[in-house]
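S.K.: What follows is a single structure, and I will ask about it in a moment.
Residue numbers (our numbering): 2 to 105.
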């Protein structure tokens with residue numbers, strides 16, 4: 002395959018699969034993680050999902066949008082991934098303070 006088929010939602014499409022997306026990437030993923038000097042028993046494919054969702058939230062993307070991107074069924078599930086760091090919380094509080102000062 003030379004690239005993604007236009008309009009496909011799948012990163013690893015498979016023309017032979019009923020759903021169009023069956024491909025086992027476990028072994029290649031473990032190889033890449035090992036080559037990066039990390040432990041493939043600790044850094045799993047799910048780690049990528051968790052990290053991407055955390056970065057989206059920390060970048061200020063609203064939770065309903067993150068829910069849609071991640072495919073979660075509920076906001077509660079998205080919140081499990083949404084680790085805010087100190088800077089993220091400070092930025093949120095600064096926005097609140099700015100808004101309050103404009104109202105005064």
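The C-beta atom is built at its ideal place from N, Cα and C for all residues, glycine as well.
How many angstroms separate the CA atom of residue 1 from the CA atom of residue 59?
M.R.: Any answer about residue 1 is impossible in this case: the structure gives the chain only from 2 up to 105.
S.K.: Excluding the 5 residues preceding and the 5 following residue 68 in the sequence, name in chain order all residues of the same chain whose CB lies nearer than 7 Å to its CB.
M.R.: 76 and 79.
S.K.: Determine the direct distance from the alpha carbon of residue 103 to that of residue 81, and round the result to whole angstroms.
M.R.: Cα to Cα, the separation comes out at about 33 Å.
S.K.: With DSSP as the reference, label residue 55 as helix, strand or coil.
M.R.: Three-state result, residue 55: helix.
S.K.: So the candidates are 37, 61 and 30; which of them puts its Cα closest to the Cα of residue 47?
M.R.: When each option's Cα is compared against that of residue 47, the closest is 30.
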